[in-house]
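In order, the protein sequence lines correspond to chains D and X.
Residue numbering for the first sequence follows numbering that gives the first Met the number 0, starting at 0 and increasing by one per position.
Residue numbering for the second sequence follows numbering that gives the first Met the number 0, starting at 0 and increasing by one per position.
Backbone N, C-alpha and C fix where the C-beta goes; we use that ideal spot for every residue, glycine too.
Given the structure is predicted, the values throughout are model-derived calculations rather than measurements.
Number of protein chains: 2
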Amino acid sequence: MKDSKPTSLDIAHLAGVSQPTVSRALRNSPLVSKETREKIQAIARELNYKVDVNASNLRSQSTKTLALLLCEDPGDSMINPFFLSMLGSITRAAAKEGYDLLVSFQQLSEDWRADYEDANKANGIIFLGYGDYTQYIDRISRLDQAGAHFITWGPVVPGQPGHFLGCDNTLGAYEATQHLIQLGRKHIAFIGDTSDDCPEFQDRYRGYLKALSEHGLKYNQQLHASANSTETMGFDATQTILERTEPFDSVFCCSDLMAIGTIQCLRENGYSVPDDIAVVGFDDIPTASHMTPPLTTVQQDTIKAGELLVENILSLINGEHIESRLLPPQLIIRKSCGS
Amino acid sequence: MKDSKPTSLDIAHLAGVSQPTVSRALRNSPLVSKETREKIQAIARELNYKVDVNASNLRSQSTKTLALLLCEDPGDSMINPFFLSMLGSITRAAAKEGYDLLVSFQQLSEDWRADYEDANKANGIIFLGYGDYTQYIDRISRLDQAGAHFITWGPVVPGQPGHFLGCDNTLGAYEATQHLIQLGRKHIAFIGDTSDDCPEFQDRYRGYLKALSEHGLKYNQQLHASANSTETMGFDATQTILERTEPFDSVFCCSDLMAIGTIQCLRENGYSVPDDIAVVGFDDIPTASHMTPPLTTVQQDTIKAGELLVENILSLINGEHIESRLLPPQLIIRKSCGS
DNA sequence: TTGTATGCGTTATCAG
DNA sequence: CTGATAACGCATACAA
Chain D
0 MKDSKPTSLD IAHLAGVSQP TVSRALRNSP LVSKETREKI QAIARELNYK
50 VDVNASNLRS QSTKTLALLL CEDPGDSMIN PFFLSMLGSI TRAAAKEGYD
100 LLVSFQQLSE DWRADYEDAN KANGIIFLGY GDYTQYIDRI SRLDQAGAHF
150 ITWGPVVPGQ PGHFLGCDNT LGAYEATQHL IQLGRKHIAF IGDTSDDCPE
200 FQDRYRGYLK ALSEHGLKYN QQLHASANST ETMGFDATQT ILERTEPFDS
250 VFCCSDLMAI GTIQCLRENG YSVPDDIAVV GFDDIPTASH MTPPLTTVQQ
300 DTIKAGELLV ENILSLINGE HIESRLLPPQ LIIRKSCGS
Chain X
0 MKDSKPTSLD IAHLAGVSQP TVSRALRNSP LVSKETREKI QAIARELNYK
50 VDVNASNLRS QSTKTLALLL CEDPGDSMIN PFFLSMLGSI TRAAAKEGYD
100 LLVSFQQLSE DWRADYEDAN KANGIIFLGY GDYTQYIDRI SRLDQAGAHF
150 ITWGPVVPGQ PGHFLGCDNT LGAYEATQHL IQLGRKHIAF IGDTSDDCPE
200 FQDRYRGYLK ALSEHGLKYN QQLHASANST ETMGFDATQT ILERTEPFDS
250 VFCCSDLMAI GTIQCLRENG YSVPDDIAVV GFDDIPTASH MTPPLTTVQQ
300 DTIKAGELLV ENILSLINGE HIESRLLPPQ LIIRKSCGS
């Protein structure tokens, strides 16, 4: 703001051409002769000219911006590292496509801003969260009716409109549970909220049950405690199970964060991990490999997930059809289950 | 986009008033009679009208948007949880002020986008990173010359233009080191890159040295290893020091992430933490309290930091003067140092 | 290949 | 308190 911001008209003036020509030249349009184009671009660089995005967007009716709504209320505590990892990969993927990313945290308590409002600021919306979209279903339905472009990270929830991209949670949980069984564990506790609020955890629960039944183990209600994805909830759920005095030799946690709490709780109660009790997690957050013991967990490919989310939302914006799909998870074997 | 998006003109039509009146009414201008205002707002709600931000911004020449530039190249690895925590608090603080947040990760290798470019999309820029702003000093200088509004999280770097907000790193490191000394530790290793690329770590180094000298301990070059803020770098640096076979009884790590790697390394080498070797970190990332042993560390108040960053950048935007300042850190004592 | 005319939807500036 | 009119800076359509 030294002197007032240069405009395309200023450049036109200096270059002795019309303003649209400048506009075209800056967009590298082949309709402009190489000569004038280079002249114009030189002047633009000289003046440090930048296209005014507001004017450009207003005119072209497109924003070149994606909105990322994190549907998790972290309160004052931390956001799940897994989502932050996703945030990183989505940001990079969006930048690669020339899109900006508007980030906003959807506090449950907050008013209904960021619905249509954001739909006006962005071309498309990516929803991210631990699947408690049920709380947002009204808004999402309205979005859908308004013809907004959006994609949801998570499992396909019947009855919920829109497109989905997620990890094959059932398969991941199945493989993790099977791994425990193959190591000789027979009494496998399950920690996670399997209500309708957490469709992702429900899928993981299904995989867990499937592995149990395929290997002739039976489900024990006493070894199941509900918890949302925080260390503290994992700790408390583990405590709950311990207090039921039902013996168990391993725990499947629906997220790494909960597994951290679980391991801490087990240790404080005098159990050794993995000797007394094996633990598996889900997500493969960075800390997982540096814990003591390093955590066996199910890895979700956040890089690919981010790229696909962006790719898909751009397809939607371009009016193309996309299919909801699931990404394959990968079991990462470390020491928290013994060997 | 069922039928074409409603405009203020549509509403004016329906309400039988002029279009500017609609605009005023929607902004709750007191210049509009309560009667017409409510009528207009009712219609707007009915039509689900939303102000077109592009048009609004174009006309008012202001974007109501802040840009957050994360100056850390995470490569394919994770972003430091500390910054992500900051990201969360900044997002919330910005939202509270009615500002959107444009997030972008500044990859070192990348071309020079996100300089002025973002300056056109946002009213102000917040720089976040582990202080290696030296690499960005050119761009920052240009930004400054262009009169852009920006604020940098980190220590005041002499010669670098702009405003700063940071944590009192020297004080934090001083207190942490003093804590070790008071527990009877005499040979305190230091892990962190103290080159000019990491002014934050330099300040922590100063605090460390100050505590040593005030308590009559002398600095031992053999116990200092450089590392950037990742678990792996912390691990390797610790290994380096161990191989020097210089005895030590404690480690000051410049970040929690490095402390995680340090503890893992010590354990793999058969040392017990804190019995053999005490460890302190810096940042107080969420994992710190759930590690084994829970990590003694220096807490930075990310909530307050985020609020102040936003508050300050808004002041700058409004043409007010602000002072660079430092926030007080807080030593969080856990078990990694014994007792 | 370039220029002319016009409009995107809003807010600012007047005058009434 | 309200209305007419202009303008923000760019991109589209069409003509030359």
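Beta carbon proximity, residue i to chain X, threshold 8 Å
i: D:Asp283; result: no
i: D:His340; result: Since the displayed chain D opens at 0 and closes at 338, residue 340 of chain D lies outside it and no answer follows.
i: D:Asn56; result: yes
i: D:Asp75; result: Reliability of the predicted coordinates at D:Asp75 is poor, the pLDDT of 46 falling under 50, and the value obtained from them is presented with this limitation in mind. Yes, its Cβ sits closer than 8 Å to a Cβ of chain X.
i: D:Pro273; result: no
i: D:Thr286; result: yes
i: D:Pro80; result: yes
i: D:Ala94; result: yes
i: D:Asp110; result: Any reading at D:Asp110 must be qualified, since the residue scores a pLDDT of 44, below 50, and its modelled position is unreliable; the value itself is stated next. Chain X, which has no Cβ nearer than 8 Å to the Cβ of D:Asp110, makes this no.
i: D:Thr296; result: no
Proximal chain D residues relative to residue i, where beta-carbon distance stays under 7 Å
i: X:Gln90; result: Here the sequence assigns Thr to residue 90 of chain X, which means Gln is not the residue at that position. Those within 7 Å of X:Thr90 in chain D are Val102, Ser103 and Phe104.
Proximity of residue i and residue j at Cβ, strictly below 8 Å
i: X:Leu100; j: X:Leu65; result: yes
i: D:Lys185; j: D:Asp248; result: yes
i: D:Gly153; j: D:Pro198; result: yes
i: D:Arg44; j: D:Val31; result: no
i: X:Ile332; j: X:His214; result: no
i: X:Phe281; j: X:Ser323; result: no
i: X:Gly191; j: X:Met257; result: yes
i: D:Asn219; j: D:Glu245; result: yes
i: X:Gly171; j: X:Pro328; result: yes
i: D:Ile125; j: D:Leu67; result: yes
i: D:Asn53; j: X:Leu57; result: yes
i: D:Val250; j: D:Thr261; result: yes
i: D:Leu307; j: D:Leu216; result: no
i: D:Ala210; j: D:Ala224; result: no
i: D:His162; j: D:Ile321; result: yes
i: D:Val50; j: D:Ile39; result: no
i: X:Lys334; j: X:Pro292; result: yes
i: X:Leu127; j: X:Leu69; result: yes
i: D:Leu398; j: D:Ala188; result: Absent from the structure is residue 398 of chain D, since the part of chain D shown begins at 0 and ends at 338.
Contacts of residue i in chain D (Cβ-Cβ under 8 Å)
i: X:Thr62; result: Asn53
i: X:Arg203; result: Under the 8 Å cutoff, chain D gives no residues; its nearest Cβ is about 21 Å from X:Arg203.
i: X:Gln263; result: His289 and Thr291
Residue i at chain D interface by Cβ criterion, 8 Å
i: X:Thr6; result: no
i: X:Glu230; result: yes
i: X:Asp99; result: yes
i: X:Gln18; result: no
i: X:Lys334; result: no
i: X:Lys120; result: yes
i: X:Leu142; result: no
i: X:Leu83; result: yes
Within chain X, the residues that residue i reaches when beta carbons sit closer than 8 Å
i: D:Lys33; result: None at all; the shortest Cβ gap to chain X is about 22 Å.
i: D:Ala258; result: In chain order: nothing, as chain X lies at least about 10 Å away.
Chain-ordered chain D contacts of residue i [CB-CB under 9 Å]
i: X:Arg266; result: Thr291
i: X:Gln220; result: Result: empty, since nearest Cβ-Cβ is about 28 Å, beyond 9 Å.
Item checked: contact_flag[the region 310-319 of chain D, the region 274-284 of chain D] where n(CB pairs < 8 Å) is 3 or more -> no
Check: Does the count of Cβ pairs from the region 80-95 of chain D and the region 88-97 of chain X closer than 8 Å reach three?
Finding: Segments in contact, no.
Note to self: Suppose only complete runs of 3+ residues qualify. What are the beta strand (DSSP E) ranges in the region 255-327 of chain X, listed by chain order?
What the structure shows: List check, beta strand (DSSP E) in window: 277-282, 295-298 and 324-326.
Next item on the list: Identify every run of the alpha helix (DSSP H) within the region 184-234 of chain D, keeping only runs that are complete inside it and at least 4 residues long; order them along the chain.
Entry: As for any alpha helix (DSSP H) of minimum length 4 sitting wholly inside the region 184-234 of chain D, the runs are 198-213, ordered along the chain.
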